[in-house]
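Contents: one structure, followed by commentary.
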Amino acid sequence: MTAITPKASSALPDFCEGIQYFGEVLPGFETYGATPAVESGKVAIASPTEANAVYQTLLFSDALRYLTLQITGSKASGHPGGFASQAEAYAALVMLGYKNIITEVGHHAPGFYSAMFLDRSLEDMGIFRVQELRDRFREKHGLLGHLSGYIPGILAPAGPLGQGQHFAMAAALLHKDKLFPFTLGDGGLGEPYIVSAIAHFHTAYPDVTNFLPVLVWNGYSQEHHSMVSLKTNEQMQAYWQGNGFDEVVLIDAKEFDDRDQPGDYVDSTAFSFEQRLAFTKAVLVSIDKAATSALSGKLTVFIIKQLKGAGVHARGAKSHNLYPKDTLDAPHIVSALRSRALSPEEWQLVRTNAERAGGGPAAKTVVTEFALPLPELGELPLEEYAVSGEPKVSTTAMGRLVGIVGQKDRNFLVTNADGNEASGIANINQALKIIHPTTDDLYNQAPNGQVYEPLSEDACAGLAAGLSLMGARTLWCSYESFAINGLPIWQTVIQAMAELRRPTPSTITLFTAGALEQGRNGWTHQRPEIEAYFASLMRNGNVFPLFPPDANSIQVCYDWALTTKNKGIVITASKSPLPIRTTFAQTHQGLQDGAVVLHEVAGDRKVVFAVIGDMTLMPVFEAAAFLENEGIGVKIVSVINPRRLYRPDDTAWETSSEADGGFLDDAKFAELFAGDALIGVTGGAAAMLEPIMLRSTAKRDTFAWKRGETTASAGELMAFNGLTAEALTKRAIKLVH
């Protein structure tokens, strides 16, 4: 293609300001580009076989490639190669009217931004021209290097591989009349646990097939060949069929190559113009077939096989990302841009189609641009037990409320890796039923249940967090020791929620069977180090770990969590019967102030115990009795909501969507924690005590988890970790003297 200046062509549309190179119109433009293929008032092309639709889809794919390379080149940074190899597939989806497109590939971000620019979605953030698109790429309050909920029209975040399917399946479950394609790369195909997550979902929801994996099979990963690069087409089809897919639609660019390119992976932009059109038509027709199949009840995958970097500055893994040398002035970047350059008329045609398709800009039409209507829960029937009365199981008390929520909200979903009964929440299964094709009353199974139980924490966390991001209420349940395997997707979502431009229900978890209860099961079940992860996340500003000390408290904590938006709320509690130590009113106060006083006895000198958890209170109360006999004053403070105990400047709360600026002031902090000595006690990671230790001016120390060991009782395990009444008493006496 010959590059020309805009003066040599027709008037330049305003949005084209910043485009460096323009080209002559392609052959046939007068015939096939005279009017937009997406007619005014329509949401898609009339037919995937019409010549003008094929022609204009090719223009769209070149426009996507050009913008992707120019915006990454503007910062000599970013990732153009992966998206470029599937530009025809993305263009085809849009021309067919499908804009609810998700990806699991964060490196496709510049391509998605290009698409959002072309359909005018980015105007919602003040980006009207290509120059602004360039300027704001990889800038704060701009277009981040990886996809974010901050960007208009983008349905879900992307970065860690192996996550996009969760968002697509969650959206499909909530919007059964819409298609949710999601792109995934062959380099990331082996990430946990894409195909297994889809398999469990399809078994649980066999009628929900309106999500469409779009495999970008380009032969390369980030820095080398992909691990599936040697598979034949037949082997790749067999792989998906063997994993339960009814329809496998594969388009291989090699079959259209008329330039004798070597290797199994070729670049369609190198074909003759006639063959480029033939390839584009095949993609368009096949995407239409795959979409129709997915929407008609068949589990379907679409595969586009084309060399990575097709149509940009390099090919193969070398096209993956730009380096400082890859500037817009570099000859190889200039050459690539010139080869993809469109004329002003073609740019205007592409923009018109992009804007009309799907009924308007993605920022005005995709499902995540609207808050999902939720049924009212009303006032939940909390049951307050008598303080010092019969011990109760906290998780069971919460489970009763969870069942009521699910009965009032049919979209509500509970996820657990097959362990509700073991966690003291069998009542959830009884009330809501485990989703299973085999109906069995003994095991509380039914096809239309609301408890999702794959043996994968990634799948549990993924669907629960994905549904929350899409606007639904959920609860992810797990053993504290196993939850680490689901945290990557959960963290992705809570960070996205902090940036989201709309309110959505907080993603809530219940982690049971803390390490102190799991001594008999050995070290594999003893991993409370996860609490250090949540402790660090508290500084995000929208993460709230909650530690209810009893069965009364946990009900109030869950009731509060249900009222919140755009937060990550982690409730950690025991599955053993434990004493009732608080009233509802005390937990309401503890949620507001961060902590509540459980016990106080005056003395000549005062030791304050700041205690996180429920079982850890037992040795503390025992130690208090010893100290009181010695005439030492004791105050036991239960830390319920440690995030409130930070100072406002310690967290990024003010930058969070649905910002929560509630923090305990210095005077009230002193009322709770001032004394001659302060001892922080937790059965988990000491990092959770940080907000208290930062602010206290007393002599202070911490007792916390050290390491797991196989023991016969919780007391023995606490003793192994130094969490005994004797050790606490000894340390307290030493501090006050």
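All residue numbers for the sequence shown refer to UniProt numbering, where the first residue is 1 and numbers rise by one. Note that beta-carbon positions come from the ideal geometry of N, C-alpha and C, so glycine has one too.
In its own chain, which residues sit with a C-beta less than 7 angstroms from the C-beta of residue i, not counting the 5 before and 5 after it?
i      : result
Val736 : Arg605, Val607, Ile632, Asp676, Ala677
Asp257 : Val266, Phe271
Asn210 : Ala172, Lys176, Lys178, Leu179, Phe180, Ala294, Leu295
Phe663 : Arg644, Tyr646, Arg647, Pro648
Ala685 : Pro528, Glu529, Glu531, Ala532, Ala535, Ala704, Trp705
Lys734 : none
Leu118 : Ala63, Val350, Arg351, Ala354
State the Cα-Cα distance for the pair residue i and residue j, rounded to the nearest angstrom.
i      : j      : result
Gly297 : Asp207 : 6 angstroms
Glu39  : Asn353 : 8 angstroms
Thr366 : Gly466 : In the sequence under discussion, the amino acid at residue 366 is Val, which differs from the Thr named in the question. Answer to the nearest angstrom: the Cα atoms are 16 angstroms apart.
Gly568 : Ile508 : 6 angstroms
Ala290 : Thr49  : 15 angstroms
Lys668 : Ala371 : 37 angstroms
Gly358 : His108 : 21 angstroms
Leu12  : Pro344 : 6 angstroms
Phe201 : Leu189 : 18 angstroms
Pro545 : Thr504 : 19 angstroms
Leu230 : Gly219 : 8 angstroms
Ala3   : Gly126 : With a pLDDT of 49 at Ala3, under the threshold of 50, the modelled position of this residue cannot be trusted; read the value that follows with caution. Their backbone Cα atoms lie some 29 angstroms apart in a straight line.
Thr524 : Asp701 : 28 angstroms
Trp476 : Val451 : 10 angstroms
Ala483 : Thr280 : 45 angstroms
Tyr92  : Ser47  : Here residue 92 turns out to be Ala, not Tyr, going by the sequence shown. Ala92 and Ser47: Cα-Cα distance of roughly 11 angstroms.
Thr512 : Asn552 : 16 angstroms
Ile571 : Ala670 : 26 angstroms
Looking at the strands, I want to know which residues DSSP matches up with residue i.
i      : result
Ile435 : Ala446
Cys16  : None, per the DSSP bridge assignment.
Pro181 : Leu212
Ala677 : Val607, Lys699
Ser638 : Val596, Val611
Arg247 : In the sequence as displayed, the identity of residue 247 is Glu instead of Arg. In DSSP, Glu247 forms a bridge with Thr300.
Asp62  : Paired residue(s): none; Asp62 is not in a bridge.
Leu510 : Cys477, Ile571
Tyr452 : Thr415
Gly633 : Lys606
Leu546 : Ile571
Asp441 : Answer is none; Asp441 lacks a bridge partner.
Leu467 : None, per the DSSP bridge assignment.
Given a threshold of 16 other Cβ atoms within 10 Å of its Cβ, counted over all protein chains shown, does residue i qualify as buried or as exposed?
i           : result
Lys706      : exposed
Ser388      : exposed
Phe245      : buried
Thr35       : exposed
Lys7        : Interpretation of Lys7 is limited by its pLDDT of 43, a score under 50 that renders its predicted location unreliable; the figure taken from the coordinates is listed afterwards. It is exposed - the Cβ of Lys7 has fewer than 16 other Cβ atoms within 10 Å.
Phe274      : Looking at the sequence provided, one finds Glu at residue 274 rather than Phe. When all chains shown are included, Glu274 counts as exposed.
Phe60       : buried
Asp559      : buried
Ala712      : exposed
Leu694      : exposed
Asn448      : exposed
Pro691      : buried
His332      : exposed
Lys575      : buried
residue 765 : Because the chain here runs from 1 to 737, residue 765 falls outside it and cannot be looked at.
Arg340      : buried
His141      : exposed
Asn629      : exposed
Who are the Cβ neighbours of residue i in its own chain at under 6 angstroms, not counting the five residues just before and after it?
i      : result
Thr72  : Gly78, Pro80, Pro110, Leu322
Ser221 : Gly187
Ala725 : Pro619, Glu622, Ala623
Arg356 : Val38
Ile19  : Val130
Tyr696 : The sequence given here has Ser at residue 696, not Tyr. Only Phe673, Leu678 meet the Cβ criterion.
Ile154 : Leu147
Gly603 : Gly631, Ile632, Gly633
Tyr150 : Glu499
Gln407 : none
Output needed for residue i: all residues of its chain with C-beta closer than 8 angstroms, excluding positions within five of it in sequence on either side, in chain order.
i      : result
Ala498 : Asn540, Gly541, Asn542, Asn566, Ala652, Thr655, Ser656, Ser657
Phe137 : Ile71, Thr72, Ser74, Lys75, Gly78, Pro110, Tyr113, Leu143
His599 : Phe621, Ala624, Val634, Lys635, Ile636
Val556 : Leu382, Pro548, Phe584, Thr587, His588, Leu591
With contact counted as at least three CB pairs below 8 angstroms, one residue from each stretch, are the region 576–589 and the region 390–410 in contact?
-> yes
Are at least three pairs of beta-carbons, each pair with one atom in the region 607–624 and one in the region 711–727, less than 8 angstroms apart?
-> yes
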